[in-house]
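**Q**
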Amino acid sequence: MRVKLESAFFLFFFLFFSLLATNIVAVGASGSIKPSHYVSTFNRTLFPYTFLFGAGSAAYQVEGAANIDGKGPSIWDTFTHQHPEKIADGSNGDVAVDFYHRYKSDIQLMKKIGLDSFRFSISWSRIFPEGKGKVNQLGVNFYNNLINELLANGIKPCVTLFHWDVPQALEDEYGGFLSRKIVCSDYSGNCIAGDSATEPYVVGHHWLLSHAAAARLYKDKYQASQKGEIGITLVTFWYYPKTDTAADIEARKRAIDFWFGWHANPLVYGDYPERMKSSVGDRLPTLTKEESKYVKGSYDFIGLNYYQTFYIEDAPATTTNKSLSSDQQANFLLPEGGATIDGAQGFHDLLVYIKDTYQNPTIYVHENGVSETYDASKPVQEAIMDIDRIRFHDSHFRALLQAIKDGVNVKGYYLWSFLDHFEWTSGFTSPYGITYVDFNNNLKRTLKYSAYWYKKFLLK
Numbered sequence: 000m001r002v003k004l005e006s007a008f009f010l011f012f013f014l015f016f017s018l019l020a021t022n023i024v025a026v027g028a029s030g031s032i033k034p035s036h037y038v039s040t041f042n043r044t045l046f047p048y049t050f051l052f053g054a055g056s057a058a059y060q061v062e063g064a065a066n067i068d069g070k071g072p073s074i075w076d077t078f079t080h081q082h083p084e085k086i087a088d089g090s091n092g093d094v095a096v097d098f099y100h101r102y103k104s105d106i107q108l109m110k111k112i113g114l115d116s117f118r119f120s121i122s123w124s125r126i127f128p129e130g131k132g133k134v135n136q137l138g139v140n141f142y143n144n145l146i147n148e149l150l151a152n153g154i155k156p157c158v159t160l161f162h163w164d165v166p167q168a169l170e171d172e173y174g175g176f177l178s179r180k181i182v183c184s185d186y187s188g189n190c191i192a193g194d195s196a197t198e199p200y201v202v203g204h205h206w207l208l209s210h211a212a213a214a215r216l217y218k219d220k221y222q223a224s225q226k227g228e229i230g231i232t233l234v235t236f237w238y239y240p241k242t243d244t245a246a247d248i249e250a251r252k253r254a255i256d257f258w259f260g261w262h263a264n265p266l267v268y269g270d271y272p273e274r275m276k277s278s279v280g281d282r283l284p285t286l287t288k289e290e291s292k293y294v295k296g297s298y299d300f301i302g303l304n305y306y307q308t309f310y311i312e313d314a315p316a317t318t319t320n321k322s323l324s325s326d327q328q329a330n331f332l333l334p335e336g337g338a339t340i341d342g343a344q345g346f347h348d349l350l351v352y353i354k355d356t357y358q359n360p361t362i363y364v365h366e367n368g369v370s371e372t373y374d375a376s377k378p379v380q381e382a383i384m385d386i387d388r389i390r391f392h393d394s395h396f397r398a399l400l401q402a403i404k405d406g407v408n409v410k411g412y413y414l415w416s417f418l419d420h421f422e423w424t425s426g427f428t429s430p431y432g433i434t435y436v437d438f439n440n441n442l443k444r445t446l447k448y449s450a451y452w453y454k455k456f457l458l459k
């Protein structure tokens, strides 16, 4: 079993990671709408010349073609069909925004904006319909064609190998990442028994080991010749204590450790954070010496997904109904009365924290964006006037530039997202895109004001 899974990772890396090392010249563009919020003196020329600006997506959220060309079902295919009530609008990704058939015209829009890079994920079950074993050549062809089309238009591919869509076959056979058998490593053993108090930690543990196994394979066999990079993306928020009491300050530290340090600590230092070990106890899997050595340093960069900042208030420990949420002993709060937290400042402070705490790793911001409420009755020309999104990205770009000046080793930024698309349990009700998708008119694409603002920002 280990050999088959290892062969699966081999194919992924052989086909795709060699392309990550390709040198790209950013494509410029001219002519655009000039939204009122645009400031001509603040643009990409203030950033390092090699800094990558892009936009992102993920397979299940954009591709569609759920039952086309040999693709197998993922857990998200199953979940959305069995539990439409769990999705805000009862929708699913069967069609999504049909990127599978429209990627060429979408890439022309990327080129028009002037993106340096485009981040997308590979649907595991499109390449391996059963999760392992026989390769679906039509799936391989799609991603090869997508990558070639990006390169032909001067856009660097940024490839995510796994973005939440475990093949249903592996979920049925192994329980997904609850089982070590999904990890291609020499020391995979039996599945750790779990419940709601332990399963998140078991899954997180196996996820780390899976990443380390894939990274080791690439580093040992292909990196020297391909000159590519491999990393891992971590999702986090930023936090400020609600008050200056010792309890709230310590609760904030726990929140950071549970959300970011949970995986960053093993990657950089080889073990879970002490606060996590103290709070979770023996429900937290132990990294053996061999596993610690395996995981530590298994990255060339750390990807960062950041959206929001919270206030943190201390919460009492519980002796019953333990869970990932209660183990943090922290309440996540937003200001009352319509006040807001400066998310851009939180973004800056998070980046500086990573520099100071985790040996200033190379960072790529892989997701950062703001949603809006989808209104099918709103005319397209009104729907594309997303001035609040322009303000959001303008403020976060300024915070990013300040972080770079403060010594943070950030090399790229991918705003979320390129297209309005399926947003997991929000369905299509909460779009993040800089490109409007008209669900009343054959999924027609129209660039929003934010796309033209981004285009102007990217001009050199």
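The sequence shown: position 23 = 22 (numbering that gives the first Met the number 0), numbered continuously. From the three backbone atoms N, C-alpha and C, an ideal C-beta is built for every residue, glycine too.
1. Report the residue from L457, V436, F391 and D247 whose alpha carbon sits nearest the alpha carbon of A95.
2. Assuming D270 and S297 make a contact with CB atoms under 8 Å, what is their CB distance in whole Å?
3. Under 6 Å Cβ to Cβ from L51, same chain only, skipping five residues before and after it: list those, please.
4. Quick check on Q167: buried or exposed, where buried means 16 or more other Cβ atoms within 10 Å of its Cβ?
5. I'd like the ranges of any alpha helix (DSSP H) spanning at least 4 consecutive residues and lying wholly in the stretch 311-375.
6. Please name the residue or residues paired with N304 in a DSSP beta bridge.
7. Just how far apart, CA to CA, sit P72 and S124?
8. Go through its chain and collect everything with a Cβ distance to W261's Cβ below 8 Å, but skip five positions before and after it.
9. Comparing alpha-carbon positions, which option in A64, N91 and A87 lies nearest W75?
10. Whose C-alpha, out of K295, Q327 and S376, is nearest the C-alpha of G280?
11. In three-state terms, what does DSSP make of P156?
12. Taking only runs of the alpha helix (DSSP H) that begin and end inside the stretch 383-418, which ones reach a length of at least 4 residues, in chain order?
13. Nearest to N439 by alpha carbon, out of Y373, N367, S322 and A250?
14. Please specify which runs of the beta strand (DSSP E), each continuous and at least 3 residues long, are wholly inside the stretch 77-122, giving them in chain order.
15. Please go through the same chain and pick out, in chain order, the residues whose beta-carbon is closer than 7 Å to the beta-carbon of K103, but skip the five residues on each side of it.
16. Considering just the uninterrupted stretch of the beta strand (DSSP E) at R485, what are its terminal residues?
17. Check whether the stretch 208-227 touches the stretch 302-316, taking contact to mean three or more Cβ pairs, one atom from each stretch, closer than 8 Å.
18. Give me the DSSP bridge partner(s) of V436.
19. Do you know offhand how far F427's Cα is from I255's?
20. Closer than 7 Å by C-beta to L323: which residues in its own chain qualify, once you throw out the five before and the five after it? Chain order, please.
21. Let me confirm a value: D385 is counted as buried when at least 16 other C-beta atoms fall within 10 Å, else exposed. Which label applies?
22. How would you label G130, buried or exposed, when you count the other beta carbons within 10 angstroms and need 16 or more for buried?
23. Is DSSP giving F466 helix, strand or coil here?
24. If we call anything under 8 Å between Cβ atoms a contact, is K459 one with G406?
25. If we count Cβ pairs, one from each stretch, closer than 8 Å, do we get three or more for the stretch 338-347 versus the stretch 388-406?
26. Give a yes or no on contact between the stretch 227-247 and the stretch 282-291, applying the rule of three or more CB pairs nearer than 8 Å.
27. Identify whether F52 lies in helix, strand or coil by the three-state DSSP scheme.
28. With DSSP run on the structure shown, which of helix, strand or coil describes K454?
29. Can you give the Cα-Cα distance for G193 and L283, rounded to whole angstroms?
30. Out of F98, N359, S376 and Y217, which one is the CA nearest neighbour of R444?
31. Rounded to whole angstroms, what is the Cα-Cα separation between K218 and V234?
32. Straight-line CA distance for A65 to L150?
33. Is DSSP giving P199 helix, strand or coil here?
34. Report all residues from its chain with a CB closer than 7 Å to the CB of V61; omit the five preceding and five following residues, and keep chain order.
**A** So, to answer that:
1. V436
2. At roughly 14 Å, the Cβ-Cβ gap does not stay under 8 Å, so D270 and S297 are not in contact.
3. D115, S116 and G411
4. buried
5. 323-326 and 342-356
6. V234 and E366
7. 6 Å
8. G203, Y271, P272 and M275
9. N91
10. Q327
11. strand
12. 386-404
13. Y373
14. 116-120
15. E148
16. The structure shown has nothing for residue 485, since the chain only spans 0 to 459.
17. no
18. R444
19. 30 Å
20. P199
21. buried
22. buried
23. Outside the displayed span of the chain (0 to 459) sits residue 466, for which this structure offers no information.
24. no
25. yes
26. no
27. strand
28. helix
29. At G193 the pLDDT is 36, less than 50, meaning the model places this residue with poor confidence and gives no usable figure here.
30. F98
31. 24 Å
32. 26 Å
33. helix
34. A95, V96, F98, L418 and H420
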